[in-house]
Ligand SMILES: [Zn+2]
């Protein structure tokens, strides 16, 4: 089964990396990773966290761990900032892949990014390329997601909320599951078995009349 690396950018103590009113970026990143981890592990996916609560793990240590563990995907989670530390209007979600722009990372970015835009209804700032260490030094498909701006009052409120953190984590996990091809379990409800097609049709019609979907299958 695949191993997925979840990387919460920075740590509690990283200088800067906080909203104008003091929310630490790491608190957001870490909570999103936790939510994503729970959902992935509930589907039998192994996850590895590269961050630590007690120190800012150097970037090389993070990518070395991912490479050593032969992870299938590397997912780095962040919150964005703009300007020199004051509130401003810049807002939205953007996702980064390395400028070498390999097709696997691009598809992964598309899966995660557009799911997030759809579920959060934040502004789509697009999929961008950058020469970030965690994207460059990882040998597996890698994306870095900026889930909103800490320097925007409205988005900072979201970034500080449990609901938005859980939504981002679950959406990212669901996109990963789709990307690696883990199928959702579907539960079928059967309401009858008939040897005559006419009786089967009657039952299907009765269900439709009652407002349910119905489908006839041969067995
Ligand atoms: Zn960051």
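Numbering (the working numbering), first residue to last: 2 to 220.
No residue lacks a Cβ here, since even glycine has one placed at the ideal position from N, Cα and C.
Given the structure is predicted, the values throughout are model-derived calculations rather than measurements.
Please state whether the Cβ-Cβ distance between residue 84 and residue 15 is less than 8 Å.
no
Please name the residue in 81, 217 and 146 whose C-alpha comes closest to that of residue 197.
217
What do you reckon, is the C-beta of residue 86 under 7 Å from a heavy atom of ligand 1?
no
Assuming residue 170 is part of the alpha helix (DSSP H), what are its boundary residues?
163 to 181
Is any heavy atom of ligand 1 found at a distance shorter than 7 Å from the C-beta of residue 17?
no
Please state if the CB of residue 150 and the CB of residue 81 are separated by a distance shorter than 8 Å.
yes
Given a cut-off of 8 Å on the beta-carbon distance, is the pair residue 139 and residue 114 in contact?
no
Cβ-Cβ distance between residue 136 and residue 99 below 8 Å
yes
Flag residue 11 as yes when its Cβ comes closer than 7 Å to any non-hydrogen atom of ligand 2, and as no otherwise.
Annotation note on ligand 2: not contained in the displayed structure, which lists ligand 1 as its ligands.
Can you round the beta-carbon distance between residue 74 and residue 141 to whole angstroms, since I take them to be within the 8 Å contact cut?
6 Å
Environment of residue 18 [buried if 16+ CB atoms lie within 10 Å]:
buried
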